[in-house]
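Reviewing the structure listed below.
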Amino acid sequence: MKVADRVERTPPSGIRKFFELAEEADDVISLGVGEPDFSAPWAARAAAIDALERGQTSYTANRGRADLRAGISEHVAQYDLDYDPETEILVTAGASEAVDLSMRALVDPGDTVAVPQPSYISYAPTATFTGAEVLPVPTRAEEGFKLTDRALREAGAGDADALIYCYPNNPTGAVMDGEALRPVAAFARAHDLTVFADEIYAALTYGSDHDSIATLPGMRERTVVVGGFSKAFAMTGLRLGYALAPPEAVEAMNRVHQYTMLSAPTTAQFAGLEAIRSCGDAVDEMHEAYDRRRRYVLSRFREMGLDCFEAEGAFYVFPECPGDDEQFAENLLSEEGVAVVPGSVFGEGGEGHLRVSYATGMDELREATARIERFLD
Amino acid sequence: MNAERHVLDLLLADARQSTADIARQTDLTEAEVEATIDDLEAAGVVHGYQAVVDWANAEEERVEAHVELNVELDRETKYEDIAGRIANYSEVETLRLVSGDYDFAAVVVGTSMRDVSAFVADQIAPIPEVTQTVTHFVMDTYKRRGVDFADHDDDERLSVSP
Chain A
-10 MKVADRVERT PPSGIRKFFE LAEEADDVIS LGVGEPDFSA PWAARAAAID ALERGQTSYT
50 ANRGRADLRA GISEHVAQYD LDYDPETEIL VTAGASEAVD LSMRALVDPG DTVAVPQPSY
110 ISYAPTATFT GAEVLPVPTR AEEGFKLTDR ALREAGAGDA DALIYCYPNN PTGAVMDGEA
170 LRPVAAFARA HDLTVFADEI YAALTYGSDH DSIATLPGMR ERTVVVGGFS KAFAMTGLRL
230 GYALAPPEAV EAMNRVHQYT MLSAPTTAQF AGLEAIRSCG DAVDEMHEAY DRRRRYVLSR
290 FREMGLDCFE AEGAFYVFPE CPGDDEQFAE NLLSEEGVAV VPGSVFGEGG EGHLRVSYAT
350 GMDELREATA RIERFLD
Chain B
665 MNAERHVLDL LLADARQSTA DIARQTDLTE AEVEATIDDL EAAGVVHGYQ AVVDWANAEE
725 ERVEAHVELN VELDRETKYE DIAGRIANYS EVETLRLVSG DYDFAAVVVG TSMRDVSAFV
785 ADQIAPIPEV TQTVTHFVMD TYKRRGVDFA DHDDDERLSV SP
């Protein structure tokens, strides 16, 4: 059967190769996992079970249950985000659907989407699937992998139509505070860019509070904020996310959503509502655990002499590695049974680095870092 | 969260981890971690460090009972006095004063039900202030000190994911 050109042109993710290598190997400790090692808080799981027992297995409203949208509206107020649950919130099947919808609803074929790199692997393919051109915008280790107006300018993003980024960042763990976001916002305003701000890791910011670009002057009207339950509430498999945007954007995204997804998973919506209502303490505990592991891993890498900037968000650190990162990761896996993801699979600027996830128990982190130390010797 | 609370949390999670590992997970130096632990012990916050044991999986007979104790006080005898006498027995693993229908909640351990029954009947019940004992033998333990005994730690996640 003939495969569509735009799919044919999109190579499979470089992560796939490491997944296959890791699956084949024995006694592997994986620091290559992009999801929490915790289960969703029990109260959220119980709400899902309860909804199933009550037989609540039908579709919901396209935009998601009204009580969940109201809950999301209250939940994001902690980031000074103010969105009307009736017209400005769309509940989606994971944040990934929200990313996809924002591109399909707000980007035309032939438009250019600027994608800071290293970056989560899905943005460029998602843009390609909509028929848009991708403009990579490299970020630098010496700037803590923050996006700057200079990087945007140098990459020629002034001519782009949209910008999509993720901070706190996967794969680097970098964060952008209000001060760092301000010049990016000014650039977006000056060049009339639509901004897709993937803030899925907002709850996992250490040492400071998360700032959203949508709170800066003149940004709310041009920004889609993407959020979700996967990372903060450890609910990846339940597939529940949301988009926050001005009414006309939510209306457009909902038009695609209603024809393609209809509604986000109903069981997950019940779990999500309970998560927002009663799982704050569980989120705090997970946050605390991640922060300790983050310090531990950064300390160990420093002891080994690996250069690693102070990642302050998500659950990744992004150390430099000697030599070619793909070869390093392959050898580390085959010789010591530790899986990490080579930075180059996340795009320009990622080469020579490793994405190391600390969404893994302390015992595994101790053993894995001991193996990495042995490998380096 | 202050340094003492950080260290306490880490000890609660895993008291066997080294001070070096505790230091790596906090903003403290090893020396500061050691000093903090010394302070916690000196202040009577930390009284000891123990394993969480699922005796059902150990090759050893061990019986545990929760014993409710009612006592009668007089002018000369306070709760602490009675508690001191009961707590001295090595068979008494835990002893607490509680609100509700009875006064003390004890956990008594022995090698058999007969052993535990005999201890309660021969040593606890005869204490003059003790007016009543009710013994509940533990049939099974599902969770203890925050550790779920049914948890097998299977990691079902994909080994590498974006």
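Chains A and B supply the protein sequences, listed in that same order.
Residue numbering for the first sequence follows my numbering, beginning at -10 and increasing consecutively.
Residue numbering for the second sequence follows my numbering, beginning at 665 and increasing consecutively.
No residue lacks a Cβ here, since even glycine has one placed at the ideal position from N, Cα and C.
Because the structure is a prediction, the values reported are computed rather than measured.
Going by the CB atoms, is the gap between residue j and residue i shorter than 7 angstroms?
i: C297(A); j: P311(A); result: no
i: V96(A); j: A151(A); result: yes
i: L101(A); j: L136(A); result: In the sequence under discussion, the amino acid at residue 101(A) is Thr, which differs from the Leu named in the question. Not closer than 7 angstroms, so no.
i: I18(A); j: E353(A); result: yes
i: F364(A); j: V824(B); result: no
i: V126(A); j: P105(A); result: yes
i: Q258(A); j: R54(A); result: yes
i: I78(A); j: R93(A); result: no
i: I189(A); j: G217(A); result: yes
i: L229(A); j: A253(A); result: yes
i: A29(A); j: M224(A); result: yes
i: Q796(B); j: N734(B); result: yes
i: T115(A); j: G338(A); result: no
i: V329(A); j: G21(A); result: yes
i: A769(B); j: V756(B); result: no
i: S346(A); j: F304(A); result: yes
i: Y285(A); j: R808(B); result: no
i: E725(B); j: T775(B); result: yes
Would you say residue i touches the ligand MN, meaning its beta carbon is less than 6 angstroms from a heavy atom?
i: S19(A); result: Only the bare structure without any ligand can be found here, which leaves the ligand MN out of the picture.
Among the options, which has the Cα closest to the Cα of residue i?
i: R178(A); options: D138(A), S197(A), Y195(A), H199(A); result: D138(A)
i: V306(A); options: T101(A), P157(A), N320(A); result: P157(A)
i: G226(A); options: V(-4)(A), R284(A), P1(A), A33(A); result: A33(A)
i: R244(A); options: K(-9)(A), Y109(A), T76(A); result: T76(A)
i: L383(A); options: T255(A), R209(A), A(-7)(A); result: No answer is possible for residue 383(A): it lies beyond the span of chain A, which begins at -10 and ends at 366.
i: V184(A); options: F134(A), A238(A), T161(A); result: A238(A)
i: E42(A); options: T(-1)(A), V286(A), V215(A), T256(A); result: T256(A)
i: F134(A); options: M250(A), P107(A), D69(A); result: P107(A)
i: P792(B); options: D804(B), D738(B), A770(B); result: D738(B)
i: A146(A); options: T128(A), A103(A), T115(A), A174(A); result: A103(A)
i: Q67(A); options: R211(A), G269(A), E132(A); result: G269(A)
i: T81(A); options: H199(A), L20(A), V173(A), L251(A); result: L251(A)
i: A113(A); options: E132(A), S85(A), A130(A), A140(A); result: S85(A)
i: D366(A); options: R129(A), V330(A), G294(A); result: G294(A)
i: P331(A); options: D69(A), T46(A), V272(A), T161(A); result: T161(A)
i: P172(A); options: D187(A), W31(A), E24(A), G207(A); result: G207(A)
i: T693(B); options: A667(B), A707(B), T805(B), D703(B); result: A667(B)
i: A149(A); options: G83(A), E132(A), F176(A); result: F176(A)
i: A169(A); options: H180(A), D187(A), H199(A), A144(A); result: H199(A)
i: T690(B); options: Y279(A), K220(A), L182(A); result: Y279(A)
i: M665(B); options: M(-10)(A), Q45(A), D273(A); result: D273(A)
i: I153(A); options: E131(A), L182(A), A144(A); result: L182(A)
i: W31(A); options: F222(A), R291(A), E315(A); result: F222(A)
i: V794(B); options: G810(B), K742(B), D703(B); result: K742(B)
i: Y231(A); options: L141(A), S91(A), V(-8)(A); result: S91(A)
For residue i, collect the residues of the same chain with a Cβ closer than 8 angstroms to its Cβ; drop the 5 residues on either side in sequence, then sort them by chain order.
i: V802(B); result: V727, E728, A729, H730
i: E356(A); result: I18
i: G326(A); result: A14, D15, D16, V17, I18, R360
i: R(-5)(A); result: T117, F118, G120
i: L287(A); result: C297, E299, A300, V306
i: L70(A); result: S201, A203, T204, V214, L233
i: D373(A); result: Coverage of chain A is limited to positions -10 through 366, which leaves residue 373(A) absent and any answer about it impossible.
i: P98(A); result: T119, G120, A121
Might you give, ordered along the chain, the residues of its own chain that have their beta carbon closer than 6 angstroms to the beta carbon of residue i, omitting 5 neighbours on each side?
i: I265(A); result: G60, H64
i: T194(A); result: P157, V164, G302
i: V798(B); result: E732
i: L36(A); result: Sequence inspection shows Ala at residue 36(A); the Leu mentioned does not correspond to that position. For A36(A), where only same-chain residues beyond five positions count, the Cβ hits under 6 angstroms are F259, A260, E263.
i: S2(A); result: I110
By Cβ distance below 7 angstroms, which residues in the same chain neighbour residue i in space, the five residues on each side in sequence not counted?
i: I686(B); result: V671, L674, V697
i: R289(A); result: T358
> What are the residues of the region 687 to 706 of chain B that lie near chain A, defined by any Cβ-Cβ distance shorter than 7 angstroms?
Replying inline: R688, Q689, T690
> Any contact of the region 202 to 212 of chain A with the region 333 to 343 of chain A, i.e. 3+ C-beta pairs under 8 angstroms?
Replying inline: no
>> Using 8 angstroms as the cut-off, can you tell me whether the region 743 to 759 of chain B makes contact with the region 716 to 726 of chain B, which would need three or more C-beta pairs spanning the two stretches below that distance?
In response: no
> If contact means a Cβ-Cβ distance below 7 angstroms, which residues of the region -9 to 16 of chain A contact chain B?
Replying inline: S2, I4, F7, F8, A11, E12
>> Any contact between the region 699 to 716 of chain B and the region 759 to 766 of chain B? By contact I mean 3 or more CB pairs, one from each, below 8 angstroms.
In response: no
>> At a CB distance below 7 angstroms, what residues from the region 315 to 342 of chain A approach chain B? Give them in sequence order.
In response: A328, V330
> Listed from N- to C-terminal order along the chain, which residues in the region 814 to 826 of chain B have their beta-carbon within a distance smaller than 9 angstroms of any beta-carbon of chain A?
Replying inline: D817, D819, R821, L822, S823, V824, S825, P826
> Taking a cut of 8 angstroms between CB atoms, which residues from the region 18 to 52 of chain A lie near chain B?
Replying inline: S19, G21, V22, G23, E24, D26
>> Short of 8 angstroms Cβ to Cβ, which residues in the region 85 to 116 of chain A face chain B?
In response: Y109, I110, S111
> Which residues, in order along the region 284 to 299 of chain A, keep a beta-carbon less than 7 angstroms from a beta-carbon of chain B?
Replying inline: R284, Y285, S288, R289
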